[in-house]
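Protein chains in written order, with the numbering used here: chain E, 472 to 828; chain H, 472 to 828.
To start, the structure under review is shown below, and the notes come after it.
Protein chains: 2
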Amino acid sequence: MAHKNGMSYAPRGKSRPVVKPGDFRFAAAGLDHGHIIAMSQGLVDAGAQLVWVYDPDAAKVERFRATFSQAQPAPSLEAILDDTSIRLVASAAVPSDRGPIGLKVLGAGKHYLSDKAPFTTREQLQQARAKVEATGLHWAVCYSERVQNEAAVHAGELIHDGAIGRVLQVLGLGPHRLSAPDRPDWFFRKRHYGGILIDIGSHQIEQFLYYTGASSAEVLHSKVANYHHPQYPELEDFGDATLLADNGATNYFRVDWFTPDGLGIWGDGRTVILGTAGYIELRKYIDVARDETGDHVYMVDGSGEHHIPVHGKIGFPYFGRLILDCLEGTDAAMPQAHTFRAAELCLEAQEKAMRVG
Amino acid sequence: MAHKNGMSYAPRGKSRPVVKPGDFRFAAAGLDHGHIIAMSQGLVDAGAQLVWVYDPDAAKVERFRATFSQAQPAPSLEAILDDTSIRLVASAAVPSDRGPIGLKVLGAGKHYLSDKAPFTTREQLQQARAKVEATGLHWAVCYSERVQNEAAVHAGELIHDGAIGRVLQVLGLGPHRLSAPDRPDWFFRKRHYGGILIDIGSHQIEQFLYYTGASSAEVLHSKVANYHHPQYPELEDFGDATLLADNGATNYFRVDWFTPDGLGIWGDGRTVILGTAGYIELRKYIDVARDETGDHVYMVDGSGEHHIPVHGKIGFPYFGRLILDCLEGTDAAMPQAHTFRAAELCLEAQEKAMRVG
Numbered sequence: 472m473a474h475k476n477g478m479s480y481a482p483r484g485k486s487r488p489v490v491k492p493g494d495f496r497f498a499a500a501g502l503d504h505g506h507i508i509a510m511s512q513g514l515v516d517a518g519a520q521l522v523w524v525y526d527p528d529a530a531k532v533e534r535f536r537a538t539f540s541q542a543q544p545a546p547s548l549e550a551i552l553d554d555t556s557i558r559l560v561a562s563a564a565v566p567s568d569r570g571p572i573g574l575k576v577l578g579a580g581k582h583y584l585s586d587k588a589p590f591t592t593r594e595q596l597q598q599a600r601a602k603v604e605a606t607g608l609h610w611a612v613c614y615s616e617r618v619q620n621e622a623a624v625h626a627g628e629l630i631h632d633g634a635i636g637r638v639l640q641v642l643g644l645g646p647h648r649l650s651a652p653d654r655p656d657w658f659f660r661k662r663h664y665g666g667i668l669i670d671i672g673s674h675q676i677e678q679f680l681y682y683t684g685a686s687s688a689e690v691l692h693s694k695v696a697n698y699h700h701p702q703y704p705e706l707e708d709f710g711d712a713t714l715l716a717d718n719g720a721t722n723y724f725r726v727d728w729f730t731p732d733g734l735g736i737w738g739d740g741r742t743v744i745l746g747t748a749g750y751i752e753l754r755k756y757i758d759v760a761r762d763e764t765g766d767h768v769y770m771v772d773g774s775g776e777h778h779i780p781v782h783g784k785i786g787f788p789y790f791g792r793l794i795l796d797c798l799e800g801t802d803a804a805m806p807q808a809h810t811f812r813a814a815e816l817c818l819e820a821q822e823k824a825m826r827v828g
Numbered sequence: 472m473a474h475k476n477g478m479s480y481a482p483r484g485k486s487r488p489v490v491k492p493g494d495f496r497f498a499a500a501g502l503d504h505g506h507i508i509a510m511s512q513g514l515v516d517a518g519a520q521l522v523w524v525y526d527p528d529a530a531k532v533e534r535f536r537a538t539f540s541q542a543q544p545a546p547s548l549e550a551i552l553d554d555t556s557i558r559l560v561a562s563a564a565v566p567s568d569r570g571p572i573g574l575k576v577l578g579a580g581k582h583y584l585s586d587k588a589p590f591t592t593r594e595q596l597q598q599a600r601a602k603v604e605a606t607g608l609h610w611a612v613c614y615s616e617r618v619q620n621e622a623a624v625h626a627g628e629l630i631h632d633g634a635i636g637r638v639l640q641v642l643g644l645g646p647h648r649l650s651a652p653d654r655p656d657w658f659f660r661k662r663h664y665g666g667i668l669i670d671i672g673s674h675q676i677e678q679f680l681y682y683t684g685a686s687s688a689e690v691l692h693s694k695v696a697n698y699h700h701p702q703y704p705e706l707e708d709f710g711d712a713t714l715l716a717d718n719g720a721t722n723y724f725r726v727d728w729f730t731p732d733g734l735g736i737w738g739d740g741r742t743v744i745l746g747t748a749g750y751i752e753l754r755k756y757i758d759v760a761r762d763e764t765g766d767h768v769y770m771v772d773g774s775g776e777h778h779i780p781v782h783g784k785i786g787f788p789y790f791g792r793l794i795l796d797c798l799e800g801t802d803a804a805m806p807q808a809h810t811f812r813a814a815e816l817c818l819e820a821q822e823k824a825m826r827v828g
């Protein structure tokens, strides 16, 4: 029941290779978060060849290789960086290490795919922007709650096609299951995970910018709490924020670690997108007490109420686009400025957060 | 399809008379908003006797009497106030008139049931508090989105029984259908309707205080917009707010006038109540693309996912309790302090609101 705690939740999209075998070789380095499985799977499904895996912890490497036996254990990160055939390195290291690893990866002339959240400090973001500027390489971030959810992908298509008019507000709920006994120590250390608005809030702000088509935003209000876990004093088990985009649209999101044991998945993620001509609700991972499958789009427009179940129908085009971006010098999967802006706004939300509880 | 625009949406709860015929006589005065139908129905179903109806507009009186033929047209509000057999006057006058009418009603020694929002200025609230203090009479407010929705009533019972532990957050979505051509002029005048956070926001703040068991709160942030209706410059078609209760729980709500024509009801009202041991989602008036009936409670707790459809099963105990409060000097239906605090926080949210769009 690995999907129930979400730590190694790895949804599969349709396999749509965009390159021939061997044309795009990559490595996985930094396996602290189970997201690395889904990130690697996304790349493999899009045709990339997984060559190396590295982590200082040999047990993590072995667990990874249970899924990806083709990945050869590398003796060090440097050994991967020295392999000139490797185009991209993917990492789900401890959040506070993701920035420093990326600097090394781009420094070695390779593209980088970081798990979210990519940065825990503004200095890391600043260094990353400078490195991208200097190298012209991609510093991608896998904001999986949009790019690896078929309902979220389809919502983007609907909005792009004008199905709900101008988007006025994106409202997101990002509850997660804590599963505290199964979490590593760094998960509870704020200097390592950054705070709840940086960690699981990062998905939310990325979606807001994406669905509204905004290029930037400001944080109007944010808050965090540790309501119910005094045994983990640095944990924030609740957070929320409201933002105003440069085009006038607004955002509200709530993130928390209160998914009850009775839910059939790690979190009842929802996104409600309000437009001038209709609205969309995404039930991303489950349709509570109705359907244990995820990827539900509910849309109401001028003509009626629509339930559009898209599980297995849409796929994850992000990964193929990212591969082509790396090969062709394009910026189509997720514009670099958008990737960094979402991360920056998470840092701002965390900095401005008032403490409640 | 009157229910589709919501202007005369009048849900019926189970009829549970708490008094014998004639024991509690009341009048309806001020018919500007169709809510007066549901308010009167609630009282009648609880055993009250509807004796008089008054409005300066004879056409409104006639429309009202199409439902309640037992109500005799009164020549004036004063004629009603002079009838010593009348215990309570219900009013859904223009919002800015509800306070002044209430002062007259209590001044005549009768209880008052006001439509929400009860006040559009702080002065009105202050006068009402003073009048209640001086007379000991009830100044009740029909916050219908809780007291006249069976899912909302049942949620209160579940929370009271500890079903989801300590309530941490109440999140409410209150979209409404605009139906602009059918609205009277006052609906678009801010001095009359007060602003969107006062008008339809009032339901949301009342629910927050109720479900969290808080006695007060502060408004941390609020905003309003007119995104899409420049032809009605004083209309606010969007608003939201976040509050912090005196017990540490928080609230977020969004209200808007963007219900699309394709929805089978006037608004897809939702309430999501997050607790330490589970959460509840209310789909109050419809279960989009699933069930055109309202009153759905979805609850997830430690044991599983539960869909509890309660339409026709719970009733509206508010009205019977209010009648007994008036007869017995109790304060059980909705404590007076709570009623006024909810109204006060709406005024605060409206005052503090930043303008976006």
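Where is the CB? At the ideal position from N, CA and C, for every residue including glycine.
Every value quoted in this text rests on a predicted model; they were computed, and no experiment measured them.
| Item | Value |
| --- | --- |
| Between which two residues does the alpha helix (DSSP H) holding residue 552 (chain H) run? | 548-553 |
| Does chain A have any CB closer than 8 Å to the CB of residue 774 (chain H)? | In the displayed structure, chain A is absent; the protein chains listed are E and H. |
| With a threshold of 8 Å, are at least 3 pairs of Cβ atoms found where one atom belongs to the region 711-719 of chain E and the other to the region 608-616 of chain E? | no |
| Could you give the first and the last residue of the continuous alpha helix (DSSP H) run that contains residue 799 (chain H)? | 788-799 |
| Between residue 755 (chain H) and chain E, is there a C-beta pair that is closer than 8 Å? | no |
| Can you list the residues of chain H that residue 800 (chain E) reaches, using a CB-CB cut of under 7 Å? | Chain H residues near residue 800 (chain E): none, gap ~38 Å exceeds 7 Å. |
| Bridge partners for residue 817 (chain H) per DSSP, in chain order? | In DSSP, residue 817 (chain H) forms no bridge with anything. |
| Measure from the alpha carbon of residue 829 (chain H) to the alpha carbon of each residue in H:492, H:490 and H:526, then state which is nearest. | As displayed, chain H neither begins before 472 nor continues past 828, which places residue 829 (chain H) out of reach and without an answer. |
| When the Cα of residue 684 (chain H) is compared with those of H:771, H:652, H:781 and H:806, which residue comes out closest? | H:806 |
| Taking the C-alpha atoms as reference points, what is the distance between residue 514 (chain E) and residue 673 (chain E)? | 21 Å |
| Please tell me whether residue 495 (chain E) and residue 512 (chain E) are closer than 8 Å, where the distance is taken between their beta carbons. | no |
| Please list the partners that residue 764 (chain H) has in chain E, where partner means a Cβ-to-Cβ separation under 7 Å. | What residue 764 (chain H) touches in chain E: nothing, since even the nearest Cβ is about 13 Å away. |
| Is it buried or exposed, residue 833 (chain H), if we count other Cβ atoms within 10 angstroms and call 16 or more buried? | Coverage of chain H is limited to positions 472 through 828, which leaves residue 833 (chain H) absent and any answer about it impossible. |
| Could you check how far apart the C-beta atoms of residue 695 (chain H) and residue 645 (chain H) are, in whole angstroms? I think they sit under 8 Å. | The Cβ separation is near 14 Å, so there is no contact. |
| On the three-state DSSP scale, how would you describe residue 557 (chain H)? | strand |
| In this structure, does DSSP put residue 489 (chain E) in helix, strand or coil? | coil |
| Below 7 Å, is the gap between the Cβ of residue 532 (chain H) and the nearest heavy atom of the ligand FMN? | Annotation note on the ligand FMN: not contained in the displayed structure, which lists no ligands. |
| Unbroken beta strand (DSSP E) runs of length 3 or more, entirely within the region 672-698 of chain E: which are they? | 688-696 |
| Comparing alpha-carbon positions, which option in H:570, H:823 and H:767 lies nearest residue 620 (chain H)? | H:767 |
| CA-CA distance, residue 782 (chain E) and residue 765 (chain E)? | 6 Å |
| Using a 10 Å radius around the Cβ and a threshold of 16 neighbouring Cβ atoms, would you call residue 414 (chain E) buried or exposed? | Here chain E has residues from 472 to 828 only, and residue 414 (chain E) is not among them. |
| Any chance you could list the beta strand (DSSP E) runs of at least 3 consecutive residues sitting entirely within the region 715-747 of chain H, in chain order? | 721-727 and 741-746 |
| Could you tell me whether the region 622-639 of chain H touches the region 783-796 of chain H, using the rule of 3 or more Cβ pairs below 8 Å? | yes |
| Strictly below 8 Å CB to CB, what residues from chain H border residue 747 (chain E)? | 698, 699 and 729 |
| Opposite residue 627 (chain H) in the DSSP bridges: which residues? | Bridge partners of residue 627 (chain H): none, in fact. |
| Step through the CB atoms of chain E and report whether any lies within less than 8 Å of the CB of residue 750 (chain H). | yes |
| Run through DSSP, which three-state label would residue 506 (chain H) get? | helix |
| Does residue 735 (chain E) get closer than 8 Å to chain H when you measure Cβ to Cβ? | yes |
| How about residue 821 (chain H) and residue 665 (chain H): do their beta carbons lie closer than 8 Å? | yes |
| Looking at the C-beta of residue 717 (chain E), does it have a partner C-beta in chain H at a distance below 8 Å? | no |
| Buried or exposed for residue 562 (chain H), going by 16 or more other Cβ atoms inside 10 Å? | buried |
| Would DSSP call residue 473 (chain H) helix, strand or coil? | Unreliable placement is indicated for residue 473 (chain H), whose pLDDT of 46 sits below 50; the coordinate value is still reported in the next sentence. Three-state result, residue 473 (chain H): helix. |
| Looking at residue 489 (chain H): is its Cβ nearer than 8 Å to the Cβ of residue 818 (chain H)? | no |
| Label residue 721 (chain H) either buried or exposed according to how many other C-beta atoms from any shown protein chain fall within 10 Å of its C-beta, with 16 as the threshold for buried. | buried |
| By the criterion of Cβ-Cβ separation under 9 Å, what are the contact partners of residue 782 (chain H) in chain E? | Ordered by position in chain E, no residue passes the 9 Å Cβ test against residue 782 (chain H), which lies about 16 Å from the chain. |
| Where does residue 641 (chain E) sit, in a helix, a strand or coil, going by DSSP? | strand |
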